[in-house]
Amino acid sequence: DSGVTQTPKHLITATGQRVTLRCSPRSGDLSVYWYQQSLDQGLQFLIQYYNGEERAKGNILERFSAQQFPDLHSELNLSSLELGDSALYFCASSVAGRQTQYFGPGTRLLVL
Amino acid sequence: DQQVKQNSPSLSVQEGRISILNCDYTNSMFDYFLWYKKYPAEGPTFLISISSIKDKNEDGRFTVFLNKSAKHLSLHIVPSQPGDSAVYFCAAKGTSYGKLTFGQGTILTVHP
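Taken in order, these protein sequences are the chains called A and B.
So in our numbering the end of the first sequence lands on 122, straight run, no missing numbers.
So in our numbering the end of the second sequence lands on 259, straight run, no missing numbers.
See below:
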């Protein structure tokens, strides 16, 4: 158990819908990262937050957005969902100044 | 443009023997490298890491070697155990912020 929690574990929804994925980092970790793992793309970095502020952006679609709240939990919002958004979404966290990221168990999203 | 490559999709090893997983990278700005292990339906679990100022790091049965001139790193597991059977991901971090760039993964199977 990495100490990073993600909810829900599974999510099934329809095209055009909007969903919110939640992540609670390890106690004391200020940085939160979101990654997407699809069958053909491997693990791709989406976005990083540090202590409530966006720090870095990767290959995140405009239909996707994220935020980190004062209690340091983070939410990833996916809207106007398409079939191709079906994937595993992982959250990771790290201590400020340390390199290692610890991953949560992921949310499996299926868009029908 | 795949900056981190794991050219072997799979590796099969006998229990007790050495497993060697390889990873190549193209971006010379990467300064920190990590190996993660992943079981199905779980998030990646951190195994071992190495800074670009070192050429070897050891932790129990796991040793990571870095050859900067060849832009190559490898993970050695000795002795291999059936419980090591999983997907292994190589990841690299550049000097800016915390984004990790992952390889496609290698499926390791350790036979009893």
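Idealized CB from N, CA, C, for every residue including glycine.
Note that the structure is predicted; figures quoted are calculated from it, not measured.
Limits of the beta strand (DSSP E) - the one that Leu-213/B falls within
Element bounds for Leu-213/B: 209-214.
Find out if the Cβ-Cβ distance for the pair Gln-16/A, Cys-101/A is shorter than 7 Å.
yes
At 3 residues or longer, what runs of the beta strand (DSSP E) sit wholly inside the region 21-78 of chain A?
29-34, 41-48, 52-60, 63-67, 74-78
Taking only three categories from DSSP, how would you classify Leu-82/A?
coil
Neighbour-count burial assignment, Ile-224/B, 16 or more Cβ in a 10 Å radius
buried
Determine the burial state of Tyr-43/A: buried for a count of at least 16 other Cβ atoms within 10 Å of its Cβ, exposed for fewer.
buried
Could you check whether Asn-61/A and Leu-40/A sit closer than 7 Å to each other, using their CB atoms as the reference points?
yes
Is the beta carbon of Ser-103/A less than 7 Å from the beta carbon of Pro-18/A?
no
Straight-line gap, Tyr-186/B to Ala-66/A (C-alpha atoms, nearest Å):
28 Å
If you draw a straight line from the alpha carbon of Tyr-59/A to that of Ile-70/A, how long is it in whole angstroms?
Each residue's alpha carbon lies about 13 Å from the other.
Can you pull the chain B residues whose beta carbon is under 7 Å from the beta carbon of Thr-110/A, in chain order?
Leu-181, Phe-193, Ser-196
Hey, does Val-207/B have any beta-carbon neighbour from chain A nearer than 7 Å?
Here the sequence assigns Gly to residue 207/B, which means Val is not the residue at that position. Chain A contact via Cβ: absent.
Go through its chain and collect everything with a Cβ distance to Leu-213/B's Cβ below 6 Å, but skip five positions before and after it.
Ile-197, Asp-202, Leu-220
Is Ser-75/A near Asn-87/A, with beta carbons less than 7 Å apart?
In contact: Ser-75/A and Asn-87/A (Cβ atoms closer than 7 Å).
At a CB-CB cut-off below 9 Å, which residues of chain A make contact with Phe-236/B?
Gly-52, Leu-53
Who does Ile-167/B pair with in a DSSP beta bridge?
Per DSSP, His-223/B.
Could you confirm whether any beta carbon from chain B is found closer than 7 Å to the beta carbon of Ala-66/A?
yes
Compare the Cα-Cα distances from Ser-155/B to each of Thr-248/B, Phe-236/B, Phe-209/B and report the closest residue.
Phe-236/B
Using a C-beta to C-beta distance shorter than 7 Å, which residues of chain A count as neighbours of Phe-249/B?
Gly-52, Leu-53
How would you call Pro-191/B, buried or exposed, if buried means at least 16 neighbouring beta carbons within 10 angstroms?
Looking at its Cβ environment, which holds 16 or more other Cβ atoms inside 10 Å, Pro-191/B is buried.
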